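Read the structure below first, then the notes.
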Amino acid sequence: MLRSVIGALMLLVVEGCNPLTCPRVEMIFPCRCAPSAYCGVPEARCSGIPSAYCGVPEARCSGIRESPRLQAALMHFANNGLMNLKIDYCLMDLCGDFFPNGLRMRVLRIRNSRLRWNPESRPLERLADTLERLTLVRVNVPEDWTVFSALRSLKIFDASECLGNVPTSFAALPAALDMLKMRWCKVRDLAPRAFAHMSSLNTVHLEGCKIERLR
Numbered sequence: 001m002l003r004s005v006i007g008a009l010m011l012l013v014v015e016g017c018n019p020l021t022c023p024r025v026e027m028i029f030p031c032r033c034a035p036s037a038y039c040g041v042p043e044a045r046c047s048g049i050p051s052a053y054c055g056v057p058e059a060r061c062s063g064i065r066e067s068p069r070l071q072a073a074l075m076h077f078a079n080n081g082l083m084n085l086k087i088d089y090c091l092m093d094l095c096g097d098f099f100p101n102g103l104r105m106r107v108l109r110i111r112n113s114r115l116r117w118n119p120e121s122r123p124l125e126r127l128a129d130t131l132e133r134l135t136l137v138r139v140n141v142p143e144d145w146t147v148f149s150a151l152r153s154l155k156i157f158d159a160s161e162c163l164g165n166v167p168t169s170f171a172a173l174p175a176a177l178d179m180l181k182m183r184w185c186k187v188r189d190l191a192p193r194a195f196a197h198m199s200s201l202n203t204v205h206l207e208g209c210k211i212e213r214l215r
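Here the sequence shown is numbered in the UniProt record's numbering, starting from 1 and rising by one per residue.
Structure (C-alpha cells):
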C-alpha cells in the first residue's frame, strides 16, 4: 500500500531528517537585505554559497496587522523588482487582488501569520508564472487546497506546522512540484497514490506526522 502512495518518489522522509539529504534546499537562500524603513526595500547582499537565488531582491515584512498597508508595500515592491519576500506576524486578507499585477515573485515565505483565505477569488493567480517556492509555516491553511493549483511554476511547497487539516489527496497541488514539506502537520490518513500526479516530485517530508492509515 505504501508503494502505491509514494509512486515514483525518490525519497520519503518521515523521521531522522538529515539536512545533507538535499543541501540545495538548505543553501538556496544565502541573501540578506539591508534594513529599510519600508519593510526591507530590495537591497540584496549575498555571501557564502552560490545559489540560483543569490542576488535577487529580497524584502521582509513583520508585524503588519492591516492588510491594506501590506498591500501598499507589495505595490512598492512590484515597482522595484521584488522577487523574494518574507512575511512574519502579519494579518493578510488573501483575495484576488491582494498581490499586485507586475509582481515577479519567485519566493514567498509566510510564517506565524493569520491569513484570511478567499479561495473563490483565486488569490494566488497573479503568482502563477513566477512563484517557485511557497512557505506557509505556522499559519492557517484553507480546507480546499485547490487554491494552490494555479501555481504552475511551483517547485517547493513547505506547509510545516500548518494550522488546519491536511487533505488526504494532494491532487490539487501543481504537477511540477519537486519537494513537499509537511512536518508536524495533521495528516491522519493518505489516499492511495496521493502524489501520483506529481511526476517531478522527489522528496516528501512528513516528520512528526501521525499517519494512522493509508486508505
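Glycine included, C-beta positions come from ideal geometry on N, C-alpha and C.
Computed from a predicted model, the values in this text were never measured in an experiment.
Hey, quick one: how far does the beta strand (DSSP E) through residue i stretch, first residue to last?
| i | result |
| --- | --- |
| Leu85 | Asn84 to Asp88 |
| His197 | Unbroken run through His197: none, as it is neither H nor E. |
| Met92 | Leu91 to Leu94 |
| Ile211 | No beta strand (DSSP E) contains Ile211, which DSSP labels as neither H nor E. |
| Leu124 | Element bounds for Leu124: n/a, residue is neither H nor E. |
| Trp117 | Arg114 to Trp117 |
| Met179 | Met179 to Lys181 |
| Asp158 | Ile156 to Asp158 |
Following the continuous alpha helix (DSSP H) through residue i, name the residue where it begins and the one where it ends.
| i | result |
| --- | --- |
| Leu74 | Ser67 to Ala78 |
Rank the options by C-alpha distance to the C-alpha of residue i and give the top, closest one.
| i | options | result |
| --- | --- | --- |
| Phe170 | Leu151, Cys162, Leu190 and Asp158 | Leu190 |
| Cys162 | Asn112, Cys90 and Asn118 | Asn112 |
| Met105 | Asp144, Met92, Arg133 and Trp145 | Arg133 |
| Leu206 | Val166, Leu131, Pro68 and Asn80 | Val166 |
| Pro119 | Leu131, Val137 and Phe98 | Phe98 |
| Val137 | Ile87, Asp144 and Ala172 | Ile87 |
| Lys210 | Thr168, Ala59 and Met92 | Thr168 |
| Asn80 | Asp93, Gly63, Ala59 and Arg193 | Ala59 |
| Asp144 | Thr203, Ala172 and Thr130 | Ala172 |
State the Cα-Cα distance for the pair residue i and residue j, rounded to the nearest angstrom.
| i | j | result |
| --- | --- | --- |
| Arg126 | Trp184 | 29 Å |
| Ile110 | Arg65 | 14 Å |
| Asn84 | Leu115 | 19 Å |
| Ile28 | Val107 | Confidence at Ile28 is low in this model, with a pLDDT of 28, below 50, so the placement of that residue should be treated as unreliable; the coordinate-derived value is given next. Computed Cα separation, rounded: 10 Å. |
| Met182 | Gly208 | 9 Å |
| Pro50 | Lys186 | Reliability of the predicted coordinates at Pro50 is poor, the pLDDT of 34 falling under 50, and no value is obtained from them. |
| Thr146 | Leu82 | 26 Å |
| Glu140 | Ser160 | Glu is not the amino acid found at residue 140; the sequence shown has Asn there. Taking the straight line from one Cα to the other gives about 11 Å. |
| His197 | Thr135 | 21 Å |
| Arg69 | Met75 | 10 Å |
| Phe195 | Arg188 | 16 Å |
| Ser199 | Met92 | 32 Å |
| Arg193 | Ser67 | 38 Å |
| Leu131 | Gly164 | 23 Å |
| Val204 | Gly63 | 31 Å |
According to DSSP, is residue i helix, strand or coil?
| i | result |
| --- | --- |
| residue 233 | In the structure as shown, the chain begins at 1 and stops at 215. Residue 233 is therefore absent and cannot be evaluated. |
| Tyr38 | Its pLDDT being 34, under 50, Tyr38 is placed unreliably in this model, and the value from its coordinates should be taken loosely. DSSP places Tyr38 in coil when its eight states are reduced to three. |
| Val107 | strand |
| Phe148 | helix |
| Arg138 | coil |
Would residue i and residue j be called neighbours here (beta carbons separated by less than 7 Å)?
| i | j | result |
| --- | --- | --- |
| Phe148 | Leu177 | no |
| Leu151 | Leu124 | yes |
| Ser121 | Cys90 | no |
| Leu201 | Pro174 | no |
| Cys61 | Ala72 | no |
| Trp117 | Pro100 | no |
| Ala78 | Leu103 | yes |
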